Amino acid sequence: MNAIIENWPLALFKKSVLKQHKLEEITNLLGKTESLVCLDIGSDNGVISYLLRQRGGSWKSADLDENAVHSIRELVKSNVYQIDSLYTPFNDNEFDRVVIVDFLEHIHTDKEFVDELFRIMKPGGELIINVPHTKNSLLRQFRLSIGQTDERHGHLRPGYTVEDVRTLLGRKFTLLAYKTYSKFFSEFIDTLITFAYGILKGSEQQESRKGVFVTGSDLSKYKKLFRVYTLIYPVVWVFSRLDSLLFFQSGYMLILKARVNK
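The number in my numbering is simply the position in the sequence shown, starting from 1, with 249 added.
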């Protein structure tokens, strides 16, 4: 178990259906990154940053909150920056690829931040945006009823539609591809796990502008709980696979790819 604690980002990732699916969708749109200059924004505890860097290229990472930045820096060690919702410390035309993991829903100035992305991206650079997909579903109502509100997650808006993002990008970016993913069964089981974890931690939960996120110290403190979850994870995995039956429904997450118009 101590080895797992030392390599906690992969330990968590391997037991998170949603994070695995998120990374799969991001990398499918991102493509190869060898020899490219890349930036990821909004990776919370740093797991996605850590795994993206394993794919090659020169990477920088950034996030809003001091705690999130510290957590990312613990994992990837270098080139991690705290930014605000308007500006970044990067040069004009610096990046070939920018990946927005979970960020835009947390800031009031999403339109202004898109302008900043335009500034720092190279001509022909590609932008990947991952955001919640706006769905006024029964699951959303259930989440609200048990306290999993937008505010609790640090969200200033419940999500985006494709047209919302298209409008947000304006003429500075051309939308190339999009899809929704993560359907009811995956999201429902994650909702229950999050609820149980919240009860366990109570007032000890580490909150930030990005909501609540899990760190290595959490995994160390709750080793026995993690062992139990490891035992039931196969059931969680099988339950989430039922999403394939819902081919006629849109997902709870939206991911898009756009090219900068320079």
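Built from N, CA and C at the ideal position, the CB exists for glycine as well. Being a predicted model, the structure only gives us computed values, none of them experimental.
Three-way DSSP call (helix, strand, coil) for residue i in this model
i: residue 346; result: strand
i: residue 356; result: coil
i: residue 340; result: coil
i: residue 265; result: coil
i: residue 503; result: strand
i: residue 493; result: helix
i: residue 272; result: helix
i: residue 472; result: helix
i: residue 278; result: helix
i: residue 285; result: coil
i: residue 364; result: helix
For residue j and residue i, believed in contact at Cβ under 8 Å, the rounded distance
i: residue 320; j: residue 294; result: 5 Å
i: residue 495; j: residue 432; result: 5 Å
i: residue 509; j: residue 362; result: Actually they are not in contact, since the Cβ atoms of residue 509 and residue 362 sit about 14 Å apart, beyond 8 Å.
i: residue 330; j: residue 360; result: 22 Å between Cβ atoms; not a contact.
i: residue 417; j: residue 356; result: Not quite, the Cβ-Cβ distance comes to about 12 Å (not below 8 Å), so this is no contact.
i: residue 437; j: residue 507; result: Not quite, the Cβ-Cβ distance comes to about 31 Å (not below 8 Å), so this is no contact.
i: residue 266; j: residue 485; result: 6 Å
i: residue 386; j: residue 435; result: About 13 Å separates the two Cβ atoms, so there is no contact after all.
i: residue 282; j: residue 346; result: 6 Å
Residues sharing a beta bridge with residue i, DSSP
i: residue 478; result: DSSP, once it has assigned bridges, lists no residue as partnering residue 478.
i: residue 508; result: 375, 423
i: residue 331; result: 312
Chain D contact for residue i (CB, 9 Å cutoff)
i: residue 266; result: The chain labelled as chain D is not found in the depicted structure, where only one protein chain is given.
Inset, instruction - Go through the segment 287-312 residue by residue and report every complete run of the beta strand (DSSP E) that reaches 3 residues or more, in order. - result: 307-312
Inset, instruction - Return the chain-ordered ranges of every beta strand (DSSP E) run that is complete within the segment 370-458 and spans a minimum of 3 residues. - result: 370-381, 422-430
Legend entry - Touching by the beta-carbon criterion (3+ pairs, under 8 Å), the segment 470-482 and the segment 413-433: No contact exists between the segment 470-482 and the segment 413-433.
Inset, instruction - Inspect the CB distances between the segment 332-351 and the segment 386-395 and report whether three or more fall short of 8 Å. - result: no
Inset, instruction - Take every Cβ of the segment 286-304, pair it with every Cβ of the segment 343-356, and state whether three or more of those distances are shorter than 8 Å. - result: yes
Inset, instruction - Indicate whether the contact test is met: 3 or more Cβ pairs, each with one atom in the segment 377-384 and one in the segment 399-413, closer than 8 Å. - result: yes
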